[in-house]
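Chains as they are written, first to last, in our numbering: chain C, 14 to 214; chain U, 14 to 214.
Cβ atoms here follow ideal geometry from the backbone N, Cα and C, with glycine treated the same way.
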């Protein structure tokens, strides 16, 4: 079994989008696989910390709206600056959780695809129809995905995984964990790469 | 007159310490000088945003306590992981404001020195005696500095400069502004360097 890099993400974060398009390549270069782990940034974590969502934070919200598209261009990634920042994360995350229990590699492909469609290409994933259509391009059964999104079992699997992330100290996303060492932020991809290359410093 | 890079800092931020030891070299490589600009992160800006200070934020506080010393080692900077995170920023910032009105180059040297003494070498700058002693190593008159720190004129100069920073959209530190383009975070030093090299992207 190859060692992993844990990657914590929520679809509502455009910075998680940036990381989602790079982390598998970085980990792979160092012989690791990425363990994609869902979090609920706005719904759970910001409440634990007692902070507001970034778009609603004075000054910081305006900065982030300008910054993330600029950061995407810096990384050479496609960018839809007008992407809907109020994406409801539960449907696509529940879909992810259901897929991961069956096929983690397909689940990661699904997550990368949903991120890119929404934040990179401007197809709004808030609509269930758009989400199912995007998943179907990967050969995922739309009806089964829709049932999974509505399933109490999947809802509770997601809650368990978010609780586990908080217990592990995760508070934002993207967050990367390498052998227990945590890095927060898309702007830490270089440090993640270097930590893997050098085994720490 | 060479063009500038504005660098917004508060002595209470260990991330501003990291940037303070690198920004002049980066700007200088691209023919720019750094305009050091004081902000009051905890006292003013966090209130405008309605957020808590990082050390008091659940989960994030514990992360930052581990992260900033690791980041300092990554940059090859000296680090005092036990440095007092409750440094009262008003005395050293008022001293800076007073010095900058007289000699901006000396003021920047003073700021770099205070940052390094506190966060890099563990000499606690909360004590006025320690602050004055550190300033005196740079040839600054301790008595004049102490009077300046107590002066109503200097207090109001600092308030004006912090208000101007907020009007400019600054919400955190370290923040860098290049020809109106803002970058937030010590982890953006690479993007600052690249923006200066390429003239944007």
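- At least one CB of chain U lies nearer than 8 Å to the CB of residue 204/C.
- Secondary structure in the segment 133-161 of chain C: the alpha helix (DSSP H) runs of 4 residues or longer, each lying completely within the stretch, are 141-149 in chain order.
- If you check the CB distance, residue 81/U and residue 28/U come in under 8 Å.
- Between residue 197/C and residue 21/U, the CB-CB gap reaches or exceeds 8 Å.
- Counting only runs of 3+ residues, the beta strand (DSSP E) found wholly inside the segment 16-49 of chain C occupies 17-22, in chain order.
- For residue 182/C, the closest Cβ of chain U is nearer than 8 Å.
- Checking the DSSP bridge columns, you'll see residue 190/U partnered with 19/U, 195/U.
- Within chain C, the residues whose beta carbon sits less than 8 Å from that of residue 75/U are 182, listed in sequence order.
- For the 8 Å CB-CB criterion, residue 43/U and residue 209/U form a contact.
- The alpha-carbon of residue 140/U is positioned some 37 Å away from that of residue 199/C.
- Within the same chain, 208, 213 come within 8 Å of residue 194/U by CB-CB distance, once the 5 residues on both sides are set aside.
- Secondary structure note for residue 214/U: it is in no alpha helix (DSSP H), with a DSSP letter that is neither H nor E.
- For the C-beta of residue 65/U, the chain C residues within less than 9 Å are, from N- to C-terminus, 62, 63, 64.
- Contacts between residue 212/C and chain U, judged by CB atoms closer than 9 Å, are missing: the closest CB pair is about 14 Å apart.
- Separation of residue 91/C and residue 165/C (C-alpha to C-alpha, rounded to the nearest whole angstrom) is 35 Å.
- Contacts between residue 72/U and chain C, judged by CB atoms closer than 9 Å, involve 58, 61, 62, 179, 182, 183, 184, 185 in chain order.
- One alpha carbon belongs to residue 175/C, the other to residue 51/C, and they sit about 7 Å apart.
- Counted as a single uninterrupted DSSP element, the alpha helix (DSSP H) harbouring residue 128/U occupies residues 117-128.
- By the criterion of a C-beta distance shorter than 6 Å, residue 124/C is surrounded in its chain by 49, 109, once the five residues flanking it on both sides are discounted.
- When 7 Å is used as the limit between beta carbons, residue 197/C is near these residues of chain U: 76, in chain order.
- Residue 104/C holds the alpha-carbon nearest to the alpha-carbon of residue 163/C among 61/C, 104/C, 172/C, 66/C.
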